[in-house]
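**Student:** Numbering (my numbering), first residue to last: 24 to 477.
#1: Quick check: what's the CA-CA separation for residue 461 versus residue 321?
#2: Which residue comes first and which comes last in the beta strand (DSSP E) that contains residue 406?
#3: Starting from residue 373, trace the beta strand (DSSP E) in both directions and tell me its first and last residue.
#4: Is it buried or exposed for residue 46, if we count other Cβ within 10 angstroms and need 16 for buried?
#5: Could you pull the start and end residues of the beta strand (DSSP E) that residue 74 belongs to?
#6: Determine, using beta-carbon pairs with one atom in the segment 165–180 and one in the segment 238–256, whether at least three such pairs fall under 8 Å.
#7: Looking at residue 327: is its Cβ nearer than 8 Å to the Cβ of residue 309?
#8: For the segment 393–412 against the segment 375–382, do three or more pairs of beta-carbon atoms, one drawn from each stretch, fall closer than 8 Å, so that the two count as touching?
#9: Quick check for students: name the residue ranges of the beta strand (DSSP E) that lie wholly in the segment 384–454, counting only runs of 3 or more.
#10: The beta strand (DSSP E) that contains residue 10, what's its start and end?
#11: By Cβ distance below 8 Å, which residues in the same chain neighbour residue 342 in space, the five residues on each side in sequence not counted?
#12: Excluding the 5 residues preceding and the 5 following residue 271 in the sequence, name in chain order all residues of the same chain whose CB lies nearer than 6 Å to its CB.
#13: In the DSSP assignment, what are the bridge partners of residue 57?
#14: Please report the distance separating the alpha-carbon of residue 411 from that of residue 370.
#15: Out of 293, 294, 276, point me to the one whose CA is closest to residue 301's CA.
#16: How is residue 94 classed by DSSP in three states: helix, strand or coil?
#17: Distance cutoff 8 Å, beta carbons only. Does residue 357 sit that close to anything in chain B?
#18: Run through the DSSP bridge pairs and tell me what residue 320 is partnered with.
#19: Scan the segment 215–270 and note each continuous beta strand (DSSP E) run of 3 residues or more that stays entirely inside, going in chain order.
#20: Tell me which residues share the same chain as residue 97 and place their Cβ nearer than 6 Å to its Cβ, disregarding the 5 neighbours each side in the sequence.
#21: Pick from 38, 229, 255, 403: whose alpha carbon is nearest that of residue 220?
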């Protein structure tokens, strides 16, 4: 097993022109998180001593994304190939003397387990000079090929597609570009890489053949094509998103969550679900959602930045925005929007309601059409609703305002002052009835209409 420190070099210098975007390619999100940060998170499982991101085009965007992290940045001023890109990390790694993982910011789904396999293979008894991560895609297309010695994982040669012969292109084992090598070997070999090839670039895989020329073999390990899928276009981004979602759905079901129609549910990278949660079709989770045991998320709900307690119920057609918090057995029904508001245990807002900047006590009932009027065009204000209060339908609670525990607000009220506990508040115009008025009105309007036609 490996006892040496590990460093990661992540290449993120490419222009990504096929994305047709002002956003750097590696910062496009998968499951709500930039691709680059997916990779950084996976690398962190190996506790690397150092991580270096190589930047180039739109470097300021990438630098800003990694600024809060313990990550060094190296600059590749000209994009002269993968070997040239990795060489730019040498100064940032300084006196590091351990194993180096070479990764790509636009290949976000590589697992920590695969990274460990690469490092472990590097330290097998035959001590390969480098370990290459290979895969066998359904369509090898224009990938570089890895040719191994028969019956082994030892690499006989590696060749870029542009430079490959027809026989070499017939091989199905392809180079993902990911590699592991010892730092002392890596940069010595990179210094000898030339650019005498069809593209005029300095290729990272050339270090394998340079090492072979010294009598040192390299090895390849394989993984599935989905794990090393790269993103160079919007279509490829969508494909990687779909693959991530498929894997996540399978995982949550294995962990005890019921998905009624799995293919219609979309998770964020950090969605946390308890046991016996049920999720109906067409539910979308944004970042920052935690759902307690036994909760039910009904169809067509959109949830982000929310905490949902045990046995709570959401939807259908509900929207929970950041800061929404539902306690145990709370209920938010159809066409209810909640933002920066907490519903206490057993509290209900069953339909057609907006609750923003509010606290709703345990057991309170919020009638249809209720609105917490929390914004005056300049500032936000809070609404406090006590336990077991009853808010009648079509009420407007003009914040800042407090409704006491057990109080009743009559339907159609506009409440602008605090309501004491157990009181009844009616805040609406007095009803006036004029007998026969409607009949006389219809007759008068019918005469006018007839006169106009005449």
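We put the CB at the ideal spot given by N, CA and C, even for glycine.
**Tutor:** According to the data block:
#1: 44 Å
#2: 406–408
#3: 371–383
#4: exposed
#5: 73–78
#6: yes
#7: yes
#8: yes
#9: 394–396, 406–408, 419–421, 424–426
#10: The chain is shown only over 24 to 477; residue 10 falls outside these bounds and no answer can be derived.
#11: 324, 325, 326, 359, 360, 361
#12: 290
#13: 52
#14: 8 Å
#15: 276
#16: coil
#17: The displayed structure is made up of one protein chain only, and chain B is not part of it.
#18: 302, 337
#19: 242–245
#20: 75, 77, 111, 112, 115
#21: 229
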